[in-house]
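Trainee: Sharing a structure below in structure tokens format, with a few things to ask.
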Ligand SMILES: [Zn+2]
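Residue numbers (my numbering): 45 to 314.
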């Protein structure tokens, strides 16, 4: 199972996840920028992560909101643990009266993977938290944060969703949109959330996607689907996503599952 997903899922339990990571991530250097204060094993790493977090914060906010966020009242702490593995991260939030009251981030893995993948992903969560002022639906929070990761991670999730659909393990959208807990198939959940986010953004752009998610959460997903995408309801959106996926995944390398089926002569996905 993908380590990033498992650690990211710890966002749900907030402090428990942070505590586990910070015990092993006690560090020797700190670097402060306007919006982040980073603890890392060396001054050089602390500065690199803090500077990159600032760059991600301004770039990603402009992508999603059309403008940068004002400086936070308090810097977001980031604990960095360097090891030889793929990068992972966890960010927990507190909310008070429709605003973020506190936030806390931890990332670990190889430094190059942290900078390319985990850090942009976690910073995207902070942009969404500021926009929503409360918890964002899980599928959208994780799916759309994956869009900030590098091509390698995005392609990996493209493949995950191909496998998911080939084994018919995807959730009906009406169910996915209402899921408040992470399911046991975390990778499939991330992959489907990522693919649907990509589809909606290709149809209408990022600001519309955020408005759709906000309206869906408060006014219902059928109405939000009609208002923002001109489709009659979530079932029609689900069908549109499947059709789009068949075209979007054309040319992707075939999954191991499909190859095994082809070799055994079993019927392939239509
Ligand atoms: Zn995440």
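Using N, Cα and C, we set each Cβ at its ideal position, and we do this for glycine too.
Is it buried or exposed for residue 5, if we count other Cβ within 10 angstroms and need 16 for buried?
Mentor: The question about residue 5 has no answer here: the residues shown for the chain are numbered 45 through 314.
Trainee: Closest to residue 202 by CA distance: which of 140, 184, 236 and 266 is it?
Mentor: Per the Cα distances, 236.
Trainee: Three-state secondary structure (DSSP) at residue 137?
Mentor: DSSP places residue 137 in strand when its eight states are reduced to three.
Trainee: Compute the distance between the beta-carbons of residue 165 and residue 136, then report whether it is under 7 Å.
Mentor: No; because the gap between Cβ atoms is not below 7 Å, this pair is not in contact.
Trainee: Answer yes or no: the CB of residue 189 versus the heavy atoms of ligand 1, is any distance below 6 Å?
Mentor: The answer is yes for residue 189.
Trainee: For the candidate residues 116, 73 and 98, whose alpha-carbon lies nearest to that of residue 123?
Mentor: Comparing Cα positions, the closest option is 73.
Trainee: According to DSSP, what are the bridge partners of residue 143?
Mentor: Residue 143 pairs with 140.
Trainee: Give me the Cα-Cα distance between residue 110 and residue 153, rounded to the nearest whole angstrom.
Mentor: Cα-Cα distance, rounded: 31 Å.
Trainee: Between which two residues does the beta strand (DSSP E) containing residue 276 stretch?
Mentor: That residue, residue 276, is in no beta strand (DSSP E); it is neither H nor E in DSSP.
Trainee: For the segment 145-177, list the alpha helix (DSSP H) runs that are entirely contained and at least 4 residues long, ordered along the chain.
Mentor: Fully enclosed alpha helix (DSSP H) runs of 4 or longer: 163-176.
Trainee: Ligand 1 and residue 186: does any heavy atom of the ligand fall closer than 6 Å to the residue's C-beta?
Mentor: Correct: residue 186 has its Cβ closer than 6 Å to ligand 1.
Trainee: Could you give the residue range of the alpha helix (DSSP H) that holds residue 251?
Mentor: Note, residue 251: alpha helix (DSSP H), 250-263.
Trainee: Would you say the segment 269-284 touches the segment 244-261, given that touching needs at least three Cβ pairs under 8 Å?
Mentor: Because the criterion of three Cβ pairs below 8 Å is met, the segment 269-284 and the segment 244-261 touch.
Trainee: State buried or exposed for residue 182, treating a residue as buried only when at least 16 other CB atoms are found within 10 Å of its CB.
Mentor: Classification of residue 182: buried, given that the 10 Å Cβ count is 16 or more.
Trainee: Could you check the C-alpha separation between residue 245 and residue 129 for me, to the nearest Å?
Mentor: Cα to Cα, the separation comes out at about 31 Å.
Trainee: Starting from residue 120, follow its DSSP beta bridges and name the residues at the other end.
Mentor: Residue 120 is bridged to 80.
Trainee: I need the DSSP call for residue 73, collapsed to helix, strand or coil.
Mentor: It is a strand residue.
Trainee: With DSSP as the reference, label residue 68 as helix, strand or coil.
Mentor: Any reading at residue 68 needs caution, since the residue's pLDDT is 41, under 50, leaving its predicted position unreliable; the model's value is listed next. Residue 68 falls in the helix class under three-state DSSP.
Trainee: Return helix, strand or coil for residue 128, following the three-state DSSP convention.
Mentor: Reduced to three states, the DSSP call for residue 128 is coil.
Trainee: Please determine, among 240, 289, 90 and 215, the residue with the shortest C-alpha to C-alpha distance to residue 228.
Mentor: Closest by alpha carbon: 215.
Trainee: Taking all protein chains shown into account, do 16 or more other C-beta atoms lie within 10 angstroms of the C-beta of residue 212, making it buried, or fewer, making it exposed?
Mentor: Exposed, because fewer than 16 other Cβ atoms sit within 10 Å of the Cβ of residue 212.
Trainee: If you follow the alpha helix (DSSP H) that residue 210 is part of, which residue opens it and which one closes it?
Mentor: Here the alpha helix (DSSP H) through residue 210 covers 195-210.
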